[in-house]
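Reviewing the structure listed below.
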Amino acid sequence: MTHNLQDLADKRDALLLAEIAAWLHMLGKFHEEFLNDPNCGIDIQIPQDLKLSFTQLESLLKDPLWSGRIWHQIGIPEFQATSLSFLDFIEKHRDQEPAKIVQGLLRLTHDAHGRGSGIEKGVLNRFAVSQVGQIYLSTAFGTERKPIDLKQAEWQKFYNFLQTHLEILKNSLAVPKYEWKGFRKDFIAQIESYYRQTVAETRRPLSDVSLFDQTSASVAFLKAALAQNLLAGWKEPVTDVIKDKYHWRLLKVGLDGLAFWGDSVRIGDLLARKDLISKALDLVQRVIEEKYPLGLEVYRDENGSVFIVSDIPDLLEWETKSGCLLDNYLQRITNFQFKGEARWTLKLSDPPTRNTLEFGKFATSQPEKLTANSKSIASHWNIKQKQDICPVCNLRPMGSSNKALNMKVCDICCDRRTNRAKAWTENLPTTIWIDEVADTNGRLALIVGRFELESWLTGEAFNSIVSSDPQSQIWQEPKGSKKHNFDYQNLLDDIQNALHKKPPNKRQFVSKTLLDGLVPSNSRGVPKGHNHFQPFYDLQVTDTDLGEDPNSGNKRIEEPFLLALAMMRQNPSFARLRRVWETTQKFWREVIADVPDTQLSKVKCRLTIKVKASEIDRLKLVNFGNYDLVFRNVKLSVLLWDDRLITTDNLRYVAKQLHPFSDARGNENTNLYSDSERAANFIRRELLNQQVSIEEPTGYGSSNRLRGQLEINDDVITFNSTEYSPVIQILTEPSTFIALVPANNLNSLESLNIIKTIKTKYDREMGKVRNCLPLHLGVVYFDRRTPLQSALDAGRQMLNYKSDSQTTWQVHSIGGQLPTEKQELATGTKQFDETIALTLTKDNHTITWHVPAKMGDGTTKDVWYPYVFVETNGDDSKVSGRKRAIKSQRPGETTPCWLVHAGDLEKDDHIYFTPSTFDFEFLDTTARRFEIYYDENGRRPRQTRPFYLEDLDRFEKLWKILKNLEKSQRHQVIYTIDANREMWHWQDDEMSVNDSVFRQFVGDTLASAAWPKTQPWKSIPEDQQKQLIDAGVRGELADLAELHMEILKERENHNGNV
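Heads up: the sequence shown begins at 17 in the numbering used here, then just goes up one per residue.
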């Protein structure tokens, strides 16, 4: 039987107007009055100042004549939507008795709001702690930055926006088949900009979700439900039977993004191909959200998008207006956008679900191998003359146009490259040129970073965050005088007693027990007046991620700790999961901006050279084509931009090549290229009145093509003073970061500065949960003429690293406040006003985790986020006496594991701690990238790598000490140690560490080095001497020397130090 989606298209106006109403169903929360008193009821009212100052908007919200008329067109009798207005959505979205709501559309809205809001708050939300005074919006990881500052002018600006746009919408919908594209996109963008400024809930720890996150989740569920009703018939949302409740499906649309653009020859090609994916996903989003309103996009990364859609099992086989199946219709988008180079991977979740586990699996699943549309590609090979294959797409033949033939690419890739170059000329404060990023030594650093988000997006990691303080104490009901003597063990006992009764349908809540007192009657999943226990267990456990084995997908046996966990943990709602990936994506997008200007200087100058039209014709130059000016055997990269050539090179590097030495002894004259302006002036002087060769690059491994000679006169060279940052950000997605930066401009150490900035930002913003949110950083150093594909391939290999989450670390010591060298963590936050310093050891390695123990106000103790899984091997007595501890389960596991607050850990505890890492490699040859792979123990062939991220601080200290030695001495000492290490133990780290004779040899070698009189070996503190010896024993000194002396080429000062 054929099913058609045309009904959705025909009812588009009504469906999308209902979506607009859903975006506004909590508009009252965007108000200072809500922040001051969340129980004032403004979230289900039209705010008073809106009524007074925006009477037209009030009328638009209240008047059912325009909205009800349109909603009536949906044609579902149960909706009873004719008399409905926007105000009804506002007033009824959290009605205490939804079954009494007459209109089915409002019951659907109530149910969608409950799934978007109620689920995230949990059954014990009434005991959540209210913020007093200033209100903070927390990240999903417990970081609070600045308090919310929601001024009257801001919400009045919001009301003015609504008044204008709803009036436009009302008038536009008077005409059938309104074009929604421009309006809806702008409307949601504006809603997002306002709603992100404030919270959906003011009580901690529920204040981690913004008003936008919560609203968007409700909108997604409502859109999916509306489409389901239209396609499959009316379904009642108000029911106590779980299997009859609304479920949803997930649709993933994507491809292997890194594979699609990772083999690009040039950065311009890469960015163009990356932009193709973004535009293609935008088109898919429009189909699913507007053309055939089926749901809402809830996740996007480099590999595609995930949508919440209707519970229609064969949705991809439904026909669109053209008679094409939805599956094929979406594939047509790829064929149009990618010109046959790739096809989508389309996945529809099965079976439908009501929990987040499936979402996480979908979002983080590895994409299938890229496949092209063979029919589309084959048509390009119907040519008479044989051509080589295009090196950019690796599918089509090189083009027939002169421009494409000159570039040695196909016509399509030629157009993309040209368009990208043209777009750059309109945005000069950025760069897309590798030569502009390369440092004064001609080297670049490809920085890659990855968060392990899998367990956070499945919701499993939220089992390490509690929503209620588990410490034994008196809990006061917010309404009335009733109190509960909370004790976690008593709660477990009550649940055990309830589960002990057979059969399940006979299980009851026992009156006057702690469990009975904590669970309100309207949260038990049964009709009023009933006291059955099993529906509550199923609602909280069986039908959630806790009721499913994350590995096999099978249902789990009933256990008391699971229900207690469901009640006590931070619930993994869709709004909260969105908050997770938005937080990490924002982290990556802010990284470069967070680097101080002193550590990543702006470039302040480019050169432009006027070229006559006759010369452009004579030399056959192509507009927006790349060329090299060659003079004195030095190449200067330029781009033809209409009637001028503009430099696309690091002028400091070019100046260094032109004049590397200043005296007979061969000493460098760095004054000529100490900054870009001096370098530009020097190069300009060298070019004046010269005849230079102009060549066209033809790609890696082949000689440039000579175009001819160009005369440069006095008046043709000018300065372009547009500042730009020498950074190309390739990827800033939720999990992944990739950027090109200079390796080291004259000891500026830009690449290491950025790594340090990322580490500090991570320690500050993820410090409470870094035990289960590891970060992996890597740097690939390479020369500016190394093929970009090789560097990207090396970076991808580093991104494949995954920590072992099953290993434990021993708590060696527990300290207090931040040490002096770590005070930077407290910059801009009060969360480190109290700190728990955990020193952890494992296999001769030591790391210190500085856990912030306060919330953003600096006074509220954090009893919700900094929890750690403790290994007890089934012996519960190991955690007896801990004030804040509950039984939970680690991601990917089903066995119970005790979760203990970091402040209640004790010396010699063994805790599960997933470490973060740092790795680097220099591609002195392209084949070196094949040495980047990790064995089952997470080690590379070079056993010292990767390092723990915390080692960066230790390495910095050690290098400062080693810099006291002359360069030749450093080489000699480190070579002697490492040569003997390899001779004695090859690269076996464990053997060298445990060899006391070798350790003595390393110590003697370091002690006998020619240390300066001002810094003799004996003056170095004993603990630092030990760290130097340890680093030598493990082979880390050789890594330090390679990084600083060989790769970064740190320069010596007049004392011999770098």
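Ideal placement from N, C-alpha and C gives every residue a C-beta, glycine not left out.
| W171: first and last residue of the uninterrupted alpha helix (DSSP H) it sits in | Residue numbering aside, residue 171 sits at position 155 when the sequence shown is read from its first letter. Unbroken alpha helix (DSSP H) run through W171: Q168 to S188.
| task | State the Cα-Cα distance for the pair I328 and H516, rounded to the nearest angstrom. | result | Taking the first residue of the sequence shown as 1, we reach residue 328 at position 312. Taking the first residue of the sequence shown as 1, we reach residue 516 at position 500. Rounded to whole angstroms, I328 to H516 spans 38 Å at the Cα level.
| Are the beta-carbon atoms of I90 and L246 separated by less than 8 Å? | Here the question's residue 90 lines up with position 74 in the sequence shown. Here the question's residue 246 lines up with position 230 in the sequence shown. Their beta carbons are under 8 Å apart, which means I90 touches L246 by this criterion.
| message | Please report the straight-line C-alpha distance between E160 and R592, rounded to a whole angstrom. | response | Within the sequence shown, the letter at position 144 stands for residue 160. Within the sequence shown, the letter at position 576 stands for residue 592. In a straight line, the C-alpha of E160 is about 15 Å away from that of R592.
| In terms of residues, what are the limits of the beta strand (DSSP E) holding L834? | Mapped onto the sequence shown, residue 834 falls at position 818. Taken as a continuous stretch (DSSP letters only), L834 belongs to no beta strand (DSSP E), as it is neither H nor E.
| query | DSSP state of A115, grouped into three classes? | reply | For the purposes of this step, residue 115 is taken as residue 99 along the sequence shown, with counting starting at 1. Reduced to three states, the DSSP call for A115 is helix.
| According to the neighbour-count rule (16 or more other Cβ atoms, all chains shown, within 10 Å of its Cβ), is M1007 buried or exposed? | Sequence index remark: in the sequence shown, residue 1007 carries index 991 (1-based). So M1007 ends up on the exposed side.
| query | Does DSSP classify I746 as helix, strand or coil? | reply | Start at 1 with the first residue of the sequence shown, and residue 746 comes out as number 730. Of the three classes helix, strand and coil, the one that applies to I746 here is strand, per DSSP.
| Simplified DSSP assignment, three categories, for L534 | Numbered from its first residue, the sequence shown carries residue 534 at position 518. L534 falls in the helix class under three-state DSSP.
| request: Determine the direct distance from the alpha carbon of D455 to that of S984, and round the result to whole angstroms. | output: One-based indexing of the sequence shown puts residue 984 at position 968. One-based indexing of the sequence shown puts residue 455 at position 439. Those two C-alpha atoms are separated by around 25 Å.
| L915 to E922 span [Cα, whole Å] | Taking the sequence shown and counting its residues from 1, the one referred to as residue 915 is at position 899. Taking the sequence shown and counting its residues from 1, the one referred to as residue 922 is at position 906. Roughly 13 Å between the two C-alpha positions.
| query | Does the pairing of the stretch 755-775 with the stretch 960-968 give three or more beta-carbon distances under 8 Å? | reply | yes
| said: Buried or exposed for S83, going by 16 or more other Cβ atoms inside 10 Å? | reply: To locate residue 83, count along the sequence shown from 1; it is residue 67. With 16 or more Cβ atoms within 10 Å of its Cβ, S83 is classed as buried.
| field | Q905 versus G458: straight-line alpha-carbon distance, rounded | value | Counting from one through the sequence shown, the residue named residue 905 turns up at place 889. Counting from one through the sequence shown, the residue named residue 458 turns up at place 442. The alpha-carbon atoms of Q905 and G458 are separated by roughly 50 Å.
| query | Since P469 contacts T624 with CB under 8 Å, what's their CB separation in whole angstroms? | reply | The residue given as residue 469 occupies position 453 in the sequence shown. The residue given as residue 624 occupies position 608 in the sequence shown. Here the sequence assigns Leu to residue 469, which means Pro is not the residue at that position. Wrong, their Cβ atoms sit about 45 Å apart, outside the cutoff.
| said: I believe L637 touches R723 by the beta-carbon criterion, under 8 Å. Please report the beta-carbon distance rounded to the nearest angstrom. | reply: Looking up residue 637 in the sequence shown gives position 621. Looking up residue 723 in the sequence shown gives position 707. Their Cβ separation, rounded to whole angstroms, is 7 Å, which keeps L637 and R723 in contact under 8 Å.
| said: Using 8 Å as the threshold, is the C-beta distance between L31 and I106 below it? | reply: As a first step, residue 31 must be located in the sequence shown, where it is residue number 15. As a first step, residue 106 must be located in the sequence shown, where it is residue number 90. No.
| Pairing CB atoms from the stretch 472-492 with CB atoms from the stretch 544-554, are three or more of them under 8 Å? | no
| query | In terms of DSSP beta bridges, what is N720 paired with? | reply | To locate residue 720, count along the sequence shown from 1; it is residue 704. Beta-bridge pairing links N720 to no other residue.
| field | Which listed residue (K239, T447, E575 and S338) has its alpha carbon closest to that of R282 | value | Taking the sequence shown and counting its residues from 1, the one referred to as residue 282 is at position 266. Among K239, T447, E575 and S338, the Cα nearest to that of R282 is on T447.
| field | G1072 - DSSP class collapsed to helix/strand/coil | value | As a working mapping, residue 1072 is identified with position 1056 in the sequence shown. Summary for G1072: the model assigns pLDDT 47, below 50, so the residue's position carries little reliability, and this model does not support an answer.
| task | Pull up the DSSP beta-bridge partners for N20, would you. | result | One-based indexing of the sequence shown puts residue 20 at position 4. The partner list for N20 (beta bridge, DSSP) reads E335.
| said: Among the candidates V1049, D935 and V453, whose CA atom is the shortest distance from the CA of A810? | reply: By 1-based counting over the sequence shown, the position of residue 810 is 794. For A810, the nearest C-alpha among the options comes from D935.
| request: State the DSSP-derived secondary structure class of T599, mapped to helix, strand or coil. | output: Start at 1 with the first residue of the sequence shown, and residue 599 comes out as number 583. Correct three-state label for T599: helix.
| message | Out of K784, A461, N980 and D925, which one is the CA nearest neighbour of K858? | response | By 1-based counting over the sequence shown, the position of residue 858 is 842. Here the closest residue by C-alpha is D925.
| said: With distance defined between alpha-carbon atoms, name the residue in E840, K498, V254 and C409 nearest to K528. | reply: For this step, residue 528 is matched to residue 512 along the sequence shown. Nearest option by C-alpha distance: K498.
| Does the pairing of the stretch 275-294 with the stretch 424-438 give three or more beta-carbon distances under 8 Å? | yes
| said: What residue range does the alpha helix (DSSP H) around W975 cover? | reply: By one-based count along the sequence shown, residue 975 stands at place 959. Segment D967 to L978, the alpha helix (DSSP H) holding W975.
| request: Please classify T159: does DSSP put it in a helix, a strand, or coil? | output: Counting from 1 along the sequence shown, the entry for residue 159 is found at position 143. Residue state, collapsed to three classes: coil.
| message | On the CB-based measure, 16 or more other CB atoms within 10 Å of its CB, does L704 come out buried or exposed? | response | Working through the sequence shown from its first residue, we reach residue 704 at position 688. With fewer than 16 other Cβ atoms within 10 Å, it is exposed.
| DSSP on N760, reduced to helix/strand/coil? | The residue you call residue 760 lines up with position 744 of the sequence shown. Residue state, collapsed to three classes: coil.
| Just how far apart, CA to CA, sit T255 and D127? | Within the sequence shown, numbered from 1, the residue matching residue 255 stands at position 239. Within the sequence shown, numbered from 1, the residue matching residue 127 stands at position 111. If you take the alpha carbons of T255 and D127, they lie about 10 Å apart.
| query | In the DSSP assignment, what residue or residues form a beta bridge with P868? | reply | Taking the first residue of the sequence shown as position 1, residue 868 is located at position 852. In the DSSP output, where bridge partners are listed per residue, P868 has T851.
| message | In the DSSP output, which residue or residues are listed as bridge partners for F753? | response | Translated into positions along the sequence shown, residue 753 becomes position 737. According to DSSP, which records beta bridges pairwise, F753 is partnered with G465 and T748.
| said: Assuming contact is defined by CB atoms lying nearer than 8 Å, are L1053 and I993 in contact in what I supplied? | reply: Position 1037 of the sequence shown, counted from the start, is the residue given in the question as residue 1053. Position 977 of the sequence shown, counted from the start, is the residue given in the question as residue 993. Cβ atoms of L1053 and I993: closer than 8 Å.
| message | Quick check on DSSP: helix, strand or coil for N398? | response | For the purposes of this step, residue 398 is taken as the residue at position 382 of the sequence shown. Coil, per DSSP.
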